[in-house]
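**Q**
Protein chains in written order, with the working numbering: chain A, 7 to 310; chain B, 297 to 639.
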């Protein structure tokens with residue numbers, strides 16, 4: 007029996023390799039200075055969906071919310087085997103917290119319509135909140151299974167999985183539709199398929215095409231550029247290489263629930279972590295030095 | 297979404313498993329007490345489960361005024377929907393102004409579901425909570441006594457303070473081990489309030505087939521002294537020196553991610569943002585450079601000794617005692633000095 011999956015993926019700054027150059031003087035992060043990556047756990051969510059399709063049939067649709075540049079992670083998903091990719095991009099969605107983001111994603115998922123499973127990475131490395139998956143499930147009115155370690159099997163619209171519960175694991179059965187968040191220990195993401203890369207490397211979202219046209223025709227009028235963009239978008243659509251681009255109107259979103267207006271949490275203050283050299287007592291690496299330190303620790307009752 | 301209720305209580309979600317309260321719940325009771333006192337309101341705890349009534353006394357001893365006991369056979373094992381719905385029902389019934397939840401596997405599964413239903417804000421994985429007056433810079437409106445929700449973000453490279461002006465309750469999950477555990481007191485008086493809720497079949501969406509809990513072999517959180525090694529230890533053999541030192545002091549052995557990733561020691565020893573957060577009386581960091589992710593898990597230790605050959609290692613920035621030298625020489629000296637002191 008085939009199953010249709012939707013995978014939510016995010017393009018994130020590579021927080022694992024942040025350098026001092028990425029911090030602005032006021033202590034905020036200069037996102038533009040950071041390389042972007044496919045959020046690591048989302049790759050495992052994609053793999054879980056692809057593996058399920060390979061075994062049971064069905065489709066895998068990848069959905070991402072972000073700026074036009076997030077077309078990168080959608081192309082990557084197509085290269086790895088996704089059937090369809092949708093970019094939700096809209097300036098009015100900027101500054102959304104997890105509540106607003108999950109509302110927007112849930113609206114997009116409802117717009118896609120039919121699905122059996124929604125897969126998300128457990129959390130994104132820029133926020134580490136792990137909130138969007140469960141909040142999205144709530145908005146869709148479906149149950150959630152967090153921290154997936156292994157899909158054991160699907161039978162007759164019921165899925166059996168092993169999930170991590172912190173100090174151990176549990177095996178649970180759940181009726182579809184369900185939302186599942188995936189850990190990086192769940193599977194090994196497949197590499198990009200060479201033939202799929204060859205076939206789809208020119209796939210783009212319309213916003214990327216528009217930026218490309220703007221760069222290629224610096225002296226043209228807006229009308230000329232728009233006409234050229236339309237022509238290129240039509241050509242991509244013709245060859246099946248157009249990545250769908252949706253905005254908040256397309257998904258019928260209530261703007262009061264999107265972006266800053268729809269975000270109850272507000273950032274009050276941001277501090278860069280600066281190494282404060284408050285000074286410590288330097289102990290010489292000698293028996294006398296070490297003996298004195300141990301003595302002080304006994305005297306101040308750190309132990310004993 | 298709920299209007300602010302400034303008389304509302306400060307609530308803790310009481311997480312229990314197999315008849316015992318989770319450590320982070322006990323830690324949060326102390327913090328809830330402190331926040332409630334500053335706001336001049338009562339501290340409450342929501343205790344869902346089956347046959348968990350006897351745990352209420354412990355919550356009261358940790359400083360809770362009102363324990364809202366939700367005893368229901370369908371709450372015997374944690375499952376998202378019935379637990380989330382129980383909490384939502386009680387929040388709507390009693391309108392607390394603050395709800396804090398441990399950032400455990402359970403807390404991080406349940407709290408987002410609750411916040412989404414209520415359409416209130418939720419800040420994940422806080423390392424500190426405070427109360428302050430805040431001005432909304434856009435609207436120019438002053439808000440009195442808001443909960444400051446303080447957490448690392450961007451892979452631990454920044455510290456963000458998050459507030460929630462008016463879509464209450466103000467909700468946060470809080471990391472395990474970051475709030476000090478206050479001593480229990482039998483002198484504190486509190487009430488147990490039995491709450492009735494309905495749990496219908498649709499909430500029992502998942503069927504538990506099997507559960508396996510690993511026995512905890514390494515008790516980092518309970519240790520008064522931790523001797524922790526990093527990538528600079530170099531080999532498994534060299535780690536034995538750290539075990540010797542831990543044995544001499546009566547401590548546990550921890551490790552940085554670098555040591556775990558290079559296979560020197562098991563992952564359950566890992567301390568830091570992706571491992572355990574600890575605050576022992578004494579933390580001895582050996583051959584640990586002190587990346588921000590590691591420091592986030594240990595910098596609240598009462599005393600820190602850093603041993604490193606690199607004078608510029610960031611670990612020295614949080615140390616009380618620094619020894620620039622080779623641990624293979626320094627550790628035997630420490631063991632000898634300890635044996636002399638305790639003889």
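Even for Gly, the Cβ is constructed at its ideal location relative to N, Cα and C. These numbers come from a predicted model, not from an experiment.
Can you give me the Cβ contacts of residue 466 of chain B inside the same chain, cut-off strictly under 6 angstroms, excluding the 5 residues immediately before and after it?
**A** Within the same chain, and ignoring the five residues on either side of residue 466 of chain B in sequence, the residues whose Cβ sits closer than 6 angstroms to its Cβ are 394, 443, 460.
**Q** Span of the alpha helix (DSSP H) holding residue 325 of chain B?
**A** 319-335
**Q** Please state whether the Cβ-Cβ distance between residue 214 of chain A and residue 74 of chain A is less than 8 angstroms.
**A** yes
**Q** In the DSSP assignment, what residue or residues form a beta bridge with residue 448 of chain B?
**A** B/455
**Q** If contact is defined by three or more beta carbon pairs under 8 angstroms, each pair taking one atom from either stretch, is the segment 540-554 of chain B in contact with the segment 566-577 of chain B?
**A** yes
**Q** Return the residues of the segment 143-160 of chain A that lie within a Cβ-Cβ distance of less than 8 angstroms from chain B, sorted by chain order.
**A** 143, 144, 145, 149, 150, 151, 152, 153
**Q** Just to confirm, is the Cβ distance from residue 332 of chain B to residue 308 of chain B under 8 angstroms?
**A** no
**Q** Check whether the Cβ of residue 514 of chain B lies closer than 8 angstroms to any Cβ atom in chain A.
**A** no
**Q** Can you pull the chain A neighbours of residue 391 of chain B, defined as C-beta to C-beta under 7 angstroms?
**A** Chain A residues near residue 391 of chain B: none, gap ~16 angstroms exceeds 7 angstroms.
**Q** Going along chain A, which residues have a C-beta under 7 angstroms from residue 616 of chain B?
**A** 286, 287
**Q** Drop a sphere of 10 angstroms on the beta-carbon of residue 41 of chain A, count the other beta-carbons inside from all chains shown, and report buried for 16 or more, exposed for fewer.
**A** exposed
**Q** Does residue 98 of chain A have its Cβ less than 8 angstroms from a Cβ in chain B?
**A** no
**Q** Beta-carbon separation of residue 396 of chain B and residue 456 of chain B under 8 angstroms?
**A** no
**Q** Take the Cβ of residue 189 of chain A as the centre, count every other Cβ of all protein chains shown within 10 Å, and call the residue buried at 16 or more, exposed below.
**A** buried
**Q** Please go through the same chain and pick out, in chain order, the residues whose beta-carbon is closer than 6 angstroms to the beta-carbon of residue 458 of chain B, but skip the five residues on each side of it.
**A** 419, 445
**Q** So the candidates are B/558, B/473, B/524; which of them puts its Cα closest to the Cα of residue 596 of chain B?
**A** B/473
**Q** How close, in whole Å, do the beta carbons of residue 80 of chain A and residue 66 of chain A come, if the pair is a contact with beta carbons under 8 angstroms?
**A** About 12 angstroms separates the two Cβ atoms, so there is no contact after all.
**Q** How would you call residue 145 of chain A, buried or exposed, if buried means at least 16 neighbouring beta carbons within 10 angstroms?
**A** buried
**Q** Are there any heavy atoms of the ligand COA lying less than 7 angstroms away from the beta-carbon of residue 169 of chain A, as far as the coordinates show?
**A** The ligand COA is not part of the structure shown, which contains no ligands of any sort.
**Q** Report the residues of the segment 161-181 of chain A with a CB closer than 8 angstroms to any CB of chain B, ordered along the chain.
**A** 166, 170, 171, 172, 173, 174, 175, 176, 177, 178, 179, 180, 181
**Q** Could you check whether the Cβ of residue 274 of chain A sits closer than 8 angstroms to any Cβ belonging to chain B?
**A** yes
**Q** Per DSSP, which one or two residues make a beta bridge with residue 70 of chain A?
**A** According to DSSP, which records beta bridges pairwise, residue 70 of chain A is partnered with A/15, A/93.
**Q** If you follow the beta strand (DSSP E) that residue 601 of chain B is part of, which residue opens it and which one closes it?
**A** 599-604
**Q** Can you check whether the CB of residue 169 of chain A is closer than 8 angstroms to the CB of residue 151 of chain A?
**A** yes
**Q** With a threshold of 8 angstroms between beta-carbons, can residue 7 of chain A be considered close to chain B, or not?
**A** no
**Q** Leaving out five residues before and five after residue 475 of chain B in sequence, what residues of the same chain have Cβ atoms less than 7 angstroms from its Cβ?
**A** 323, 324, 326, 327
**Q** Using beta-carbon positions only, say whether residue 111 of chain A and residue 182 of chain A come within less than 8 angstroms of one another.
**A** no
**Q** So, are the CB atoms of residue 129 of chain A and residue 104 of chain A less than 8 angstroms apart?
**A** no
**Q** Sort out for me which residues DSSP pairs residue 617 of chain B with in a bridge.
**A** DSSP lists A/287, B/601 as the beta-bridge partner residues of residue 617 of chain B.
**Q** Run the CB neighbour count on residue 503 of chain B, radius 10 Å, all protein chains shown included, and call it buried at 16 or more, exposed below.
**A** exposed
**Q** Between residue 564 of chain B and residue 365 of chain B, which are expected to be in contact by the criterion C-beta below 8 angstroms, what is the C-beta distance as a whole number of angstroms?
**A** About 34 angstroms; that fails the 8 angstroms criterion.
**Q** Considering only their Cβ atoms, is the gap separating residue 342 of chain B from residue 400 of chain B smaller than 8 angstroms?
**A** Going by C-beta atoms, residue 400 of chain B is not nearer than 8 angstroms to residue 342 of chain B.
**Q** Whole angstroms are fine: how far does the CA of residue 631 of chain B sit from the CA of residue 525 of chain B?
**A** In this structure, the alpha-carbon of residue 525 of chain B lies about 16 angstroms from that of residue 631 of chain B.
**Q** Taking 8 angstroms as the CB-CB limit, is residue 43 of chain A close to chain B?
**A** no
**Q** Verify whether the separation of the beta carbon atoms of residue 602 of chain B and residue 618 of chain B is less than 8 angstroms.
**A** yes
**Q** Under 8 angstroms, Cβ to Cβ, is there at least one residue of chain A near residue 315 of chain B?
**A** no
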